[in-house]
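>
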Amino acid sequence: MSGAWGLRGDLLGGEYPYLDADGRILGLDFGAAVRAAGAGPELDPAAVLAYLSCRFLVGDRTLLEGLRRAPWLAEPRPGGGWELLAPAREQPPAGDESALVAVWLRRLHQECRAAVEGMGTAGLLLSGGMDSRIAAGVLRRVELEAGGSLRIRALTWGRPGCRDVEYARRIATSFGWEWEHLPLGPADLERNITLAGRQGCEYAPLHLHALPEVGKRGDLDLVVAASYGDSVGRAEYSGVRLAGLRPVGAATLDPCGIMTAGALARGRDGLRADLQAFAARFAADGPGVRECEQMGHYMRRKLQAAMAVCLAPTPLYQMFTTPGVYGLMWGLPASRRGDHHYRLLLDLLPGELREVPWARTGRPFGSAAGRADDLPAGHHLYGRWLREDLGALTAGRVLGDRILGCGIFHEPGLRRLVRIWRAGRGDGAGLLDETVSWLAGLDVMLDHLDAGPVVRRPERLAHRVRCLGRSVWAAGYTAARNLLRS
Numbered sequence: 084m085s086g087a088w089g090l091r092g093d094l095l096g097g098e099y100p101y102l103d104a105d106g107r108i109l110g111l112d113f114g115a116a117v118r119a120a121g122a123g124p125e126l127d128p129a130a131v132l133a134y135l136s137c138r139f140l141v142g143d144r145t146l147l148e149g150l151r152r153a154p155w156l157a158e159p160r161p162g163g164g165w166e167l168l169a170p171a172r173e174q175p176p177a178g179d180e181s182a183l184v185a186v187w188l189r190r191l192h193q194e195c196r197a198a199v200e201g202m203g204t205a206g207l208l209l210s211g212g213m214d215s216r217i218a219a220g221v222l223r224r225v226e227l228e229a230g231g232s233l234r235i236r237a238l239t240w241g242r243p244g245c246r247d248v249e250y251a252r253r254i255a256t257s258f259g260w261e262w263e264h265l266p267l268g269p270a271d272l273e274r275n276i277t278l279a280g281r282q283g284c285e286y287a288p289l290h291l292h293a294l295p296e297v298g299k300r301g302d303l304d305l306v307v308a309a310s311y312g313d314s315v316g317r318a319e320y321s322g323v324r325l326a327g328l329r330p331v332g333a334a335t336l337d338p339c340g341i342m343t344a345g346a347l348a349r350g351r352d353g354l355r356a357d358l359q360a361f362a363a364r365f366a367a368d369g370p371g372v373r374e375c376e377q378m379g380h381y382m383r384r385k386l387q388a389a390m391a392v393c394l395a396p397t398p399l400y401q402m403f404t405t406p407g408v409y410g411l412m413w414g415l416p417a418s419r420r421g422d423h424h425y426r427l428l429l430d431l432l433p434g435e436l437r438e439v440p441w442a443r444t445g446r447p448f449g450s451a452a453g454r455a456d457d458l459p460a461g462h463h464l465y466g467r468w469l470r471e472d473l474g475a476l477t478a479g480r481v482l483g484d485r486i487l488g489c490g491i492f493h494e495p496g497l498r499r500l501v502r503i504w505r506a507g508r509g510d511g512a513g514l515l516d517e518t519v520s521w522l523a524g525l526d527v528m529l530d531h532l533d534a535g536p537v538v539r540r541p542e543r544l545a546h547r548v549r550c551l552g553r554s555v556w557a558a559g560y561t562a563a564r565n566l567l568r569s
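Quick note: the sequence shown, position 191, residue 274 per the working numbering, numbers continuous.
Below you can see the structure in the form of structure tokens.
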């Protein structure tokens with residue numbers, strides 16, 4: 084979300100520059116920010132624990148002591164510091180759900196039109212999911228209104244012939260858009276391990292996909308994405324409905340048992356303080372605090388951070404993020420939020436978007452009838468590529484001197500983790516694949532920062548037993564996952 088939207092603090096998903104210990108804004112480039120802040124290569128155990136437990140960072144921490152991110156829903160004050168904003172929640176308009184969706188569509192149209200105004204060529208990250216499909220329909224309306232002054236290019240990554248690729252192709256073709264397929268393979272994953280590490284390792288390499296390819300093109304004035312669509316429009320976060328969300332802090336700490344006792348103890352205190360401070364800030368939202376946690380931690384630190392950095396210098400705009408768009412839906416009780424708003428919206432958008440199946444099910448959205456199509460549902464083979472094509476490289480990074488010597492990780496636990504991970508089967512990526520790929524990226528980051536080793540001390544028996552117990556859990560997780568895929 085670069086350019087005119089860069090530091091718009093009222094957006095659900097914007098840009099969050101690095102800050103030094105005094106709160107000075109250092110920009111979005113990790114390496115430049117580290118140099119400007121004078122931050123050393125000392126890892127923050129609270130940030131490491133957050134990632135291992137939640138699979139994303141929380142609050143404003145980075146992995147390095149002395150370097151932070153700008154806060155969520157906040158605007159910089161002219162004299163320094165940040166003005167913290169409340170999330171938008173709007174009293175819904177009178178009328179039935181159809182009237183509500185008509186208002187919502189007008190606001191989505193206004194949001195999209197403002198984003199692409201003055202642009203020559205806009206790229207749309209288009210998949211077989213519903214959020215990017217809604218964005219495509221709205222963008223098509225804006226394109227028709229522009230009368231030929233706006234050019235759209237749809238971009239889709241994934242395995243040839245999978246649902247995401249084929250459905251996106253059908254949608255783009257129906258609108259007469261240029262469509263470009265970006266295949267994925269082991270070489271892309273290897274590149275993403277390196278790239279994630281050099282960008283501060285705030286997310287697993289598995290989430291970068293073909294974003295670096297899109298970012299380096301240079302022929303797009305803007306990239307439009309819809310990562311926030313399902314959460315705003317359908318009240319769903321990673322397949323979990325709003326009413327079923329658990330507190331972010333409910334995750335098992337260090338689930339694979341790979342941190343030292345000292346790092347775990349220090350990290351636990353810092354992580355708890357971050358989570359409590361964030362929850363206290365949004366306590367007035369009542370049940371809405373769970374949704375704020377998902378937006379302020381998960382969406383901001385895992386998805387948006389990866390997209391904004393990888394696409395730079397091409398500007399990114401995330402639809403569904405302006406106060407008028409998300410605030411209308413957030414003003415509804417959880418019982419009124421669900422798939423029906425998307426179904427009504429599809430009927431108001433151009434084209435036959437409802438006729439193209441949903442990639443998740445292989446059937447039209449909202450329909451359980453009929454037989455799903457035979458196209459592959461998965462758009463990548465990250466688990467297989469990581470374990471087989473990149474297995475030796477990844478294991479070498481995870482068990483290398485930089486990871487083992489940084490003072491955070493318990494070596495026997497790491498060695499058990501790698502052994503259990505390599506016994507996994509299946510094409511997709513699970514928790515262990517994500518953890519191991521992140522550790523490989525962390526090795527790249529430490530190498531990039533030229534981090535030296537620290538003195539390692541033997542662990543107490545109680546901690547060794549705890550780590551062994553977590554390894555048993557990881558082995559059980561892998562065995563169950565293998566059984567489901569056999």
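Glycine is no exception: its CB is placed at the ideal position from the N, C-alpha and C atoms.
Using only alpha-carbon positions, find the residue among R172, A157, A171 that is nearest to W165.
A157
> Going along the chain, which unbroken runs of the beta strand (DSSP E) with 3 or more residues stay wholly within the region 215 to 301?
Within the region 215 to 301, the complete beta strand (DSSP E) runs of at least 3 residues are 234 to 240, 261 to 265.
> Among R190, G142, P440, Y286, which one has its Cα closest to the Cα of T405?
R190
> If I'm right that D422 touches R467 with Cβ under 8 Å, what's the distance once you round it to whole angstroms?
D422 to R467, Cβ: 32 Å. No contact.
> Using three-state DSSP, classify V323 as helix, strand or coil.
strand
> Between the C-alpha atoms of V538 and G488, what's the straight-line distance to the nearest angstrom?
Residue placement at V538 is poorly supported in this model, since its pLDDT is 45, which falls under 50; the coordinates are not used for a value here.
> Cβ atoms of V372 and A388: under 7 Å apart, would you say?
No, they are not a contact pair.
> State yes or no: is the C-beta of L336 within less than 7 Å of the C-beta of S136?
The answer is yes: Cβ separation under 7 Å.
> Are three or more beta carbon pairs between the region 505 to 524 and the region 304 to 312 nearer than 8 Å?
Taking 8 Å as the limit for Cβ pairs, the verdict is that the region 304 to 312 does not touch the region 505 to 524.
> Could you tell me which residues DSSP pairs with P159 in its beta bridges?
W165
> Jot down the residue ranges of each uninterrupted alpha helix (DSSP H) in the region 408 to 480, minimum 4 residues, whole runs only, in chain order.
423 to 431
> Check whether the Cβ atoms of A219 and I254 lie closer than 7 Å to each other.
yes
> Can you look up Y588 in the DSSP assignment and give me helix, strand or coil?
No information on residue 588 is available, as it lies outside the stretch 84 to 569 that the chain covers here.
> Of all the beta strand (DSSP E) runs that stay within the bounds of the region 347 to 411, which reach a length of 3 or more residues?
399 to 401
> Verify whether the separation of the beta carbon atoms of E261 and R300 is less than 7 Å.
no
> Starting from L140, follow the alpha helix (DSSP H) in both directions and report where the run begins and ends.
From DSSP, L140 is part of no alpha helix (DSSP H); its letter is neither H nor E.
> Can you tell me whether DSSP reads V538 as helix, strand or coil?
No answer about V538 holds up, because its pLDDT of 45 lies below 50 and its placement is not dependable.
> Helix, strand or coil, according to DSSP, for R508 in the structure here?
coil
> If we call anything under 7 Å between Cβ atoms a contact, is G188 one with L399?
Checking the sequence, you will find Leu at residue 188 rather than Gly. Cβ distance not < 7 Å, so L188 and L399 don't count as in contact.
> Taking C-beta to C-beta, are K385 and F113 nearer than 7 Å?
The answer is no: Cβ separation not under 7 Å.
> Reducing DSSP to helix, strand and coil, say where L150 ends up.
coil
> Whose C-alpha, out of L208, L567, S257, V221, is nearest the C-alpha of D247?
Minimum Cα distance to D247 is reached at L208.
> Distance, Cα to Cα, T397 vs R223?
21 Å
> P370: which of G162, R172, P128 sits nearest, CA to CA?
For P370, the nearest C-alpha among the options comes from R172.
> Assuming A104 contacts G162 under a Cβ cut-off of 8 Å, what Cβ separation, rounded to an integer in Å, is found between them?
Actually they do not touch by this definition, with Cβ atoms about 18 Å apart.
> Rounded to a whole number of angstroms, what is the C-alpha to C-alpha distance between Y465 and A287?
Cα to Cα, the separation comes out at about 12 Å.
> Alpha carbon to alpha carbon, how far is V141 from Y381? Give it in angstroms, no decimals.
7 Å
> Considering only C-alpha positions, which residue in the set A558, G445, D526 is nearest to G212?
G445
> Drop a sphere of 10 angstroms on the beta-carbon of E438, count the other beta-carbons inside from all chains shown, and report buried for 16 or more, exposed for fewer.
exposed
> Does any heavy atom of the ligand MG sit closer than 6 Å to the C-beta of K299?
No copy of the ligand MG occurs in the structure displayed, which carries no ligand at all.
> By a C-beta neighbour count over all protein chains shown, 10 Å radius and 16 as the cutoff for buried, is L561 buried or exposed?
Reading the sequence as shown, one finds Thr at residue 561 and not Leu. Label assigned to T561: buried.
> Does the separation of the CB atoms of L428 and V184 fall below 7 Å?
yes
> Ends of the beta strand (DSSP E) at V331?
No beta strand (DSSP E) contains V331, which DSSP labels as neither H nor E.
> If I'm right that A133 touches T145 with Cβ under 8 Å, what's the distance once you round it to whole angstroms?
About 11 Å separates the two Cβ atoms, so there is no contact after all.
> My assumption, with CB atoms under 8 Å, is that W240 sits in contact with L265. Please give the rounded CB distance.
4 Å
> If you measure between the beta carbons of L168 and M378, is that distance less than 7 Å?
no
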